[in-house]
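See below for the structure under consideration.
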Amino acid sequence: WYFRKDQREEPIDDLSNHYVIRDGCLIIQGVQEIDSGSYICKASNAEGTASMEIRLSVSAPLSVHVQPPVQTVDLGKAASL
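Under the UniProt record's numbering, think of the first position of the sequence shown as 1, with each following residue one higher.
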């Protein structure tokens with residue numbers, strides 16, 4: 001298995017706890033936004049080689065942090081949020 005993002009293709013290290021390769025299947029533990037990209041499975045034997053590309057898109061809930069959370073503005077003045 002290989003991971004491609006931004007035109008860089010790197011072999012997946014299944015020695016980490018994040019990726020597990022079992023019976024040819026790639027398992028991604030605790031998926032994060034950074035895992036978005038293309039995953040390529042490559043296989044070869046005496047008959048030839050084959051590959052398949054799978055694109056993974058990870059969506060995450062939107063969050064907004066406003067500082068300071070409360071503002072007081074005089075009437076007629078500008079408020080910057």
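Ideal Cβ placement from N, Cα and C applies to all residues, glycine included.
Quick one, are the C-beta atoms of residue i and residue j less than 9 Å apart?
i, j, result
"residue 20", "residue 32", "no"
"residue 38", "residue 54", "yes"
Which whole-angstrom value is the C-beta distance of residue i and residue j, which I expect to be below 8 Å?
i, j, result
"residue 58", "residue 35", "6 Å"
Between which two residues does the beta strand (DSSP E) holding residue i run?
i, result
"residue 50", "48-56"
"residue 38", "37-45"
"residue 20", "19-22"
"residue 33", "Where residue 33 is concerned, there is no enclosing beta strand (DSSP E), given that its DSSP letter is neither H nor E."
"residue 5", "2-5"
"residue 68", "That residue, residue 68, is in no beta strand (DSSP E); it is neither H nor E in DSSP."
Cutting at 6 Å between CB atoms, please list the residues of its own chain near residue i, excluding the five before and the five after it.
i, result
"residue 27", "20"
Looking only at its own chain, which residues have a Cβ that is under 8 Å from the Cβ of residue i, when we skip the five neighbours before and after it?
i, result
"residue 60", "33"
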